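Chains as they are written, first to last, in the working numbering: chain A, 73 to 284; chain B, 73 to 284. The next block holds one structure in the form of structure tokens; read it before the comments.
Number of protein chains: 2
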Amino acid sequence: MGKPIVYGPRYSTYTRSVIMALMEKRVPHDVVHVDMDKREHKAPEHLARHPFGMLPAFEHNGFRIYESLPILQYIDDAFPGTRLTPADIHRRTRALQIMSVINAYAYRPLVWGIFVPRTFTESGQPVDEAAIAAAVEAGTLALKAIEGLMTEPDPYLVGRQISLADLLLVPVIHYLAGTPEGGKMLQHFSRLSAWHTALKTRPSVAETVPAL
Amino acid sequence: MGKPIVYGPRYSTYTRSVIMALMEKRVPHDVVHVDMDKREHKAPEHLARHPFGMLPAFEHNGFRIYESLPILQYIDDAFPGTRLTPADIHRRTRALQIMSVINAYAYRPLVWGIFVPRTFTESGQPVDEAAIAAAVEAGTLALKAIEGLMTEPDPYLVGRQISLADLLLVPVIHYLAGTPEGGKMLQHFSRLSAWHTALKTRPSVAETVPAL
Numbered sequence: 073m074g075k076p077i078v079y080g081p082r083y084s085t086y087t088r089s090v091i092m093a094l095m096e097k098r099v100p101h102d103v104v105h106v107d108m109d110k111r112e113h114k115a116p117e118h119l120a121r122h123p124f125g126m127l128p129a130f131e132h133n134g135f136r137i138y139e140s141l142p143i144l145q146y147i148d149d150a151f152p153g154t155r156l157t158p159a160d161i162h163r164r165t166r167a168l169q170i171m172s173v174i175n176a177y178a179y180r181p182l183v184w185g186i187f188v189p190r191t192f193t194e195s196g197q198p199v200d201e202a203a204i205a206a207a208v209e210a211g212t213l214a215l216k217a218i219e220g221l222m223t224e225p226d227p228y229l230v231g232r233q234i235s236l237a238d239l240l241l242v243p244v245i246h247y248l249a250g251t252p253e254g255g256k257m258l259q260h261f262s263r264l265s266a267w268h269t270a271l272k273t274r275p276s277v278a279e280t281v282p283a284l
Numbered sequence: 073m074g075k076p077i078v079y080g081p082r083y084s085t086y087t088r089s090v091i092m093a094l095m096e097k098r099v100p101h102d103v104v105h106v107d108m109d110k111r112e113h114k115a116p117e118h119l120a121r122h123p124f125g126m127l128p129a130f131e132h133n134g135f136r137i138y139e140s141l142p143i144l145q146y147i148d149d150a151f152p153g154t155r156l157t158p159a160d161i162h163r164r165t166r167a168l169q170i171m172s173v174i175n176a177y178a179y180r181p182l183v184w185g186i187f188v189p190r191t192f193t194e195s196g197q198p199v200d201e202a203a204i205a206a207a208v209e210a211g212t213l214a215l216k217a218i219e220g221l222m223t224e225p226d227p228y229l230v231g232r233q234i235s236l237a238d239l240l241l242v243p244v245i246h247y248l249a250g251t252p253e254g255g256k257m258l259q260h261f262s263r264l265s266a267w268h269t270a271l272k273t274r275p276s277v278a279e280t281v282p283a284l
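Next up, the structure:
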């Protein structure tokens with residue numbers, strides 16, 4: 073069996089989640105950098121891997137996958153090691169619900185609506201404060217929904233073991249927590265904040281903090 | 073075990089997919105109508121079921137689920153009957169990829185970008201033709217991606233048996249095919265067109281055609 077390859081920059085939250093899943097399962101892998109600043113994700117070479125030009129893309133023994141949910145599911149099913157999908161139907165449903173909420177409602181406001189403008193706007197350049205305020209509102213609703221889907225009183229999102237849902241959420245919360253808005257938002261979500269704090273020292277998390 | 077309840081209008085594509093999954097598995101169920109014209113999906117009663125006010129929501133023995141992917145996965149796992157998730161890892165991955173592509177790239181342009189303005193614009197009212205043209209372009213890319221993910225030479229999207237991916241796609245293609253743009257677009261996708269034609273007479277499809 074060949075080593076799987078992850079195509080994407082380590083600073084992309086979805087790419088980081090996929091790398092973390094491979095680390096959790098102790099799967100040796102390669103990461104091929106795709107430079108978003110150089111628009112490499114929209115170049116023909118990457119569009120052949122991901123027709124929508126998004127990140128990451130994945131390959132294993134010639135089998136190519138794009139979109140994070142199927143990549144994560146494939147990794148969990150194809151490789152031995154810790155199981156990242158709960159065996160219990162209710163916990164498994166909550167995990168997929170949380171992942172669906174991240175994709176549909178949380179990622180865009182939290183990462184692109186708050187983190188990106190707060191982090192990459194050059195000093196002196198105008199920031200669209202009304203757009204950020206709208207993203208805070210939408211993102212707060214998403215955090216509330218995610219916290220509402222957590223099973224309790226478990227240390228991970230849906231149980232006593234880490235799952236794909238945790239891995240999909242960690243990079244998003246990491247970016248959010250580094251912004252002034254995010255720090256304030258997370259104060260209202262004590263369970264999510266405690267979860268994030270506890271995960272920070274986990275090797276797959278600590279060793280994948282992106283250099284920005 | 074109580075009967076599951078689907079909350080949503082039968083004309084919502086995602087609601088129809090969930091109803092079709094229950095029919096395929098021969099699970100007796102109830103459908104509680106949520107009237108989008110009366111904005112019932114944004115009323116407190118529905119927001120308690122789905123905090124983002126989307127459709128459908130689902131309940132079984134007091135366990136509430138929102139978002140179509142976890143609802144469909146739950147139905148397939150909780151009830152006996154035909155298995156709607158492929159056992160083979162590669163086919164299962166392709167199924168989840170197709171479902172991810174529908175959610176992220178196909179649903180919005182095909183349903184809201186083409187079908188809704190072409191179907192519900194009152195005669196004499198202006199139609200934003202440039203917006204429809206953009207949706208045709210985005211939707212064509214999504215159809216090309218979905219056709220590229222089909223396993224071959226199988227009658228269903230990812231194999232010789234129907235899967236959740238087929239059920240998620242049928243209602244979207246049904247609406248698309250009824251528009252002038254959709255009819256033309258589908259001519260370029262012979263495998264998807266043949267798939268759609270073959271599925272039209274299947275009971276779960278034929279018996280859930282929405283009255284518009």
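We treat Cβ as the ideally placed atom computed from N, Cα and C, and that holds for glycine. On a predicted model such as this, the values are computed, not experimentally measured, just so you know.
Not flagged as an interface residue toward chain A: B/Ile77, since no C-beta distance is shorter than 8 Å. Taking C-beta atoms as the reference points, A/Pro158 and B/Leu168 fail to come closer than 8 Å.
Secondary structure of A/Glu139 (DSSP, three-state): coil. Of all residues in the segment 140-152 of chain A, the ones placed with a Cβ closer than 7 Å to any Cβ belonging to chain B are Leu141, Pro142, Gln145, Tyr146, Asp149 and Ala150, in chain order.
For the options B/Asp109, B/Gly231, B/Arg136 and B/Ala278, the alpha carbon positioned closest to that of A/His162 is the one of B/Arg136.
With a threshold of 8 Å between beta carbons, A/Ile137 makes contact with chain B.
At a cut-off of 8 Å between beta-carbon atoms, B/Thr85 makes no contact with chain A. Contact check for A/Val90 against A/Pro123 fails: the beta carbons are separated by 8 Å or more. Within 10 angstroms of the beta-carbon of A/Gln197 lie fewer than 16 other beta-carbons, which makes it exposed. For B/His132, the enclosing beta strand (DSSP E) starts and ends at Ala129 to His132. Chain-order list of chain B residues neighbouring A/Tyr179: empty, with the shortest C-beta distance near 11 Å, by a criterion of under 7 Å. By the neighbour-count definition (other C-beta atoms within 10 Å, threshold 16), B/Ala93 is a buried residue. Taking B/Ile174 as the centre and dropping the five residues before and after it, the same chain places the C-beta of Leu240, Leu241 and Val244 closer than 7 Å to its C-beta, in chain order. Under the Cβ distance rule, A/Pro243 does not count among the residues neighbouring chain B, no pair being separated by less than 8 Å. Annotated as proximal: A/Leu248 and A/Phe187, with beta-carbon spacing under 8 Å.
The C-beta separation of A/Ser172 from B/Glu253 comes to about 29 Å, leaving the pair out of contact by the 8 Å criterion. Within chain A, no residue has its CB atom less than 9 Å from the CB of B/Phe261, the nearest being about 14 Å off.
When the beta-carbon positions are compared, A/Met257 and A/Thr223 stay at least 8 Å from each other. The residue from A/Val183, A/Ala214 and A/Ala120 with its alpha-carbon nearest to that of A/His260 is A/Ala214. By the rule that beta-carbons nearer than 8 Å mark a contact, A/His162 touches chain B. B/Gly255 sits in a helix when the DSSP states are folded into three classes.
When 8 Å is used as the limit between beta carbons, A/Gln233 is near no residue of chain B, the shortest such separation being about 19 Å. Sequence-distant partners of B/Tyr83 (beyond 5 residues in either direction) whose C-beta falls short of 7 Å from its own C-beta, in its chain, are Pro282 and Leu284. B/Val104 is the residue among B/Arg88, B/Val104, B/Met95 and B/Thr87 whose C-alpha sits nearest the C-alpha of B/Ile77. Looking at the backbone, the Cα of B/Gly125 and that of A/Pro100 are separated by about 42 Å.
For B/Val199, the secondary structure class from DSSP, reduced to helix, strand or coil, is coil. Residues of the segment 207-219 of chain B whose Cβ lies closer than 9 Å to any Cβ of chain A, in chain order: Leu213, Ala214, Lys216 and Ala217. Along the segment 173-207 of chain B, going in chain order, the ones with a CB nearer than 9 Å to a CB of chain A are Val173, Asn175, Ala176 and Tyr177. In this structure, the CA atom of A/Ser262 is about 17 Å from the CA atom of A/Thr251. At a cut-off of 8 Å between C-beta atoms, B/Pro123 counts as an interface residue with respect to chain A. About 7 Å separates the beta carbon of A/Lys97 from that of A/Ile147, a gap short enough to meet the 8 Å contact definition. The CB of B/Leu168 comes closer than 7 Å to the CB of Leu141, Pro142 and Gln145 in chain A, given here in chain order.
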